[in-house]
Each structure stands twice: as C-alpha cells, then as structure tokens.
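Novice: Using this note's numbering, the first residue of the sequence shown is number 39, and each one after it goes up by one.
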Amino acid sequence: TLTLVNGRRQAGSGGRGNFADLSSVPLAAVARIEVLKDGASAIYGSDAVGGVVNVILREDLSGAKTRLRSGIGAGGSPSSYQASQLLGVTWSGGGILATYEFDYRSSLASADRIATRSADLRPLGGSDARLYYSAPATVLRYDATVRNYVPAYAVPAYTDRPRPQDFVRGSNLENQYELSDTLPLQERHATFVRIHHEITPDIEMFGEARWSRRRFEYASSPAQSLLVVTGTNPYFASPDG
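#1: Could you please give the first and the last residue of the uninterrupted beta strand (DSSP E) stretch that includes F244?
#2: Over what stretch of residues does the beta strand (DSSP E) that includes F205 continue unbroken?
#3: Let me check understanding here. Comparing Cα to Cα, which of D141, E72 and G109 lies closest to V93?
#4: Write down every uninterrupted run of the beta strand (DSSP E) in the segment 100-168 whose length is 3 residues or greater and which is fully enclosed by it, in chain order.
#5: Measuring CA to CA, which of S209, P272, T137 and S61 is closest to I233?
#6: Enumerate in chain order the residues of its own chain whose CB-to-CB distance from F244 is below 8 Å, with the five nearest sequence positions on each side excluded.
#7: Going straight from the alpha carbon of W129 to that of E255, what length do you get?
#8: What's the C-alpha gap between P64 and R226?
#9: D198 to W249, Cα distance in whole Å?
#10: Considering only residues of the same chain and omitting the five flanking positions on each side of L125, which have a CB-CB separation below 6 Å?
#11: Along the chain, where does the beta strand (DSSP E) that runs through L221 open and close?
#12: From E97 to Y82, what distance separates their C-alpha atoms?
#13: Return the first residue and the last residue of the beta strand (DSSP E) that N92 is part of.
#14: Using DSSP's beta-bridge definition, name the partner residues of T229.
#15: Taking the beta carbon of N210 as the centre, do at least 16 other beta carbons fall within 10 Å, making it buried, or is it exposed?
#16: Can you tell me whether R252 is buried or exposed? The criterion is at least 16 other CB atoms within 10 Å of its CB, across all chains shown.
#17: Assuming Y18 and T154 are in contact, meaning their beta carbons sit under 8 Å apart, how far apart are those beta carbons, in whole angstroms?
See the structure below:
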C-alpha cells in the first residue's frame, strides 16, 4: 500500500528511511483521508497496486480553530492529552495556514494489567514463562544431551556469603515483567505551515513545511547474562561442596 500526503510520496523517516511516519502530520491540519483499497496503480504508479492511503491536508482557513482532547484508561492509566491550534489568513489569490499540535500519553506499566503483570500466566490458562536467568541467580550446568545450560541450584537470597548447604536443587524464577512497561511514555510536537499565491489563472506558487519532534521513555525487562564464577572469587561457594 502506498502512503501519500497531498498526493505526494511521504518522505521516509527512521534510520533507514523506508516507511512513512504519518504521526509527524498534525491531525488538525488534515482535511480528509482518501482510501483506495486496490486498483490505484493506474493513477499513482506500480507501488500502489495494493491500494493507496492519501492524506489530504487543509489549504485555506480564515480565522482560528482550537482543539483539546483528553482521555484516561481503565484503572487510571494511561492518561493522554492533545492540544492543537490552527491559524489561517486568506487574501485575493492566496493564503497562509499554520498549525501546531502537542500530544502526550503517559506510560502503562505492565503491573497495571492482569494479563501483563506476571510472566506466569498459569492462573489465566497459559504457561509459566518466568526466567531462571534471575535475581537471585541460578547456578547452571551444561547438559550435553540438550547441548545447553540447564538449572542446577538456586542461589540463596539475601546473603553475600552462601554456604554449600544453603543452595537448593532447582532454580530461582524471575518475573521479568515486574518493572517493565507495556506502553511507553510518549510526547510529540508537530507543526505544519502552508503558503500559496496565484500568480496567474494558470500559475500558482506554494510552499509547505513540516516539523516534528518525539520523545519517549520505556522501561524494558532487565538484561540477562551468563557469568562464570571461579574459585578465585572471594564470594565463591560450591553448591555440591
């Protein structure tokens, strides 16, 4: 599917510049959105064989328009706010249009939803996906049969000098979702300016400019690592004595 803005290809964004970021367009500046499900290649080229989404932006406005929106999710999170201001001036044969939009959504912690607060989904009819790469740690041994490391002993909690008898066969399990976010905090600023003037009945000059900035914060699951502890470590203890 080909994505267009005012009938023109949307400039790429991101590290590779291979997709259209429509969120960089202020919603207040959108006049309408045309969707052609298929058969648009005759008009828009071979890239549009799967259809076209054409975002048509406003061209003229005389006056001002303000829009405010807010919302809150079930249980009090996440919350979202949006504010936009649209200003326009027209004259004989032309006009200028400018809009600014601010959008904010707070983060949604995994702990705020039943289905995401724990990696152990057995109470919901699922499986236990908690990790033995955990804190407290798990002592692993190499199993030649499966060609991988498997749990051997659970490292005792709340001690910096464990004794061999403190280790328990099995593993510790960590809920890797405990301190993570399901949705990130996101803050976005977007501006759109368009000016046009008719030189003659057949010639019109116009210019468009867009600017956007996005900031987000996301708490991910903690990193896991496999570490080798040798007898030279002052805190070393052998689980099997």
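Note that CB positions come from ideal geometry on N, CA and C, so glycine has one too.
Specialist: For this structure:
#1: I241 to E255
#2: Premise fails: F205 is in no beta strand (DSSP E) and is neither H nor E.
#3: E72
#4: For the segment 100-168, whole beta strand (DSSP E) runs of length 3 or above, ordered along the chain, are 101-110, 117-129 and 132-143.
#5: Of all alpha-carbon atoms in S209, P272, T137 and S61, the one lying nearest the alpha-carbon of I233 is that of T137.
#6: R232, I233, H234 and H235
#7: So the two alpha carbons sit approximately 44 Å from each other.
#8: 10 Å
#9: 53 Å
#10: Correct list, in chain order: A102 and A136.
#11: For L221, the enclosing beta strand (DSSP E) has its first and last residue at D219 to L221.
#12: 21 Å
#13: V90 to L95
#14: Y138 and W249
#15: buried
#16: Under the 10 Å beta carbon count, R252 is surrounded by fewer than 16 other beta carbons and is classified as exposed.
#17: This structure leaves residue 18 out entirely; the chain is present only between 39 and 279.
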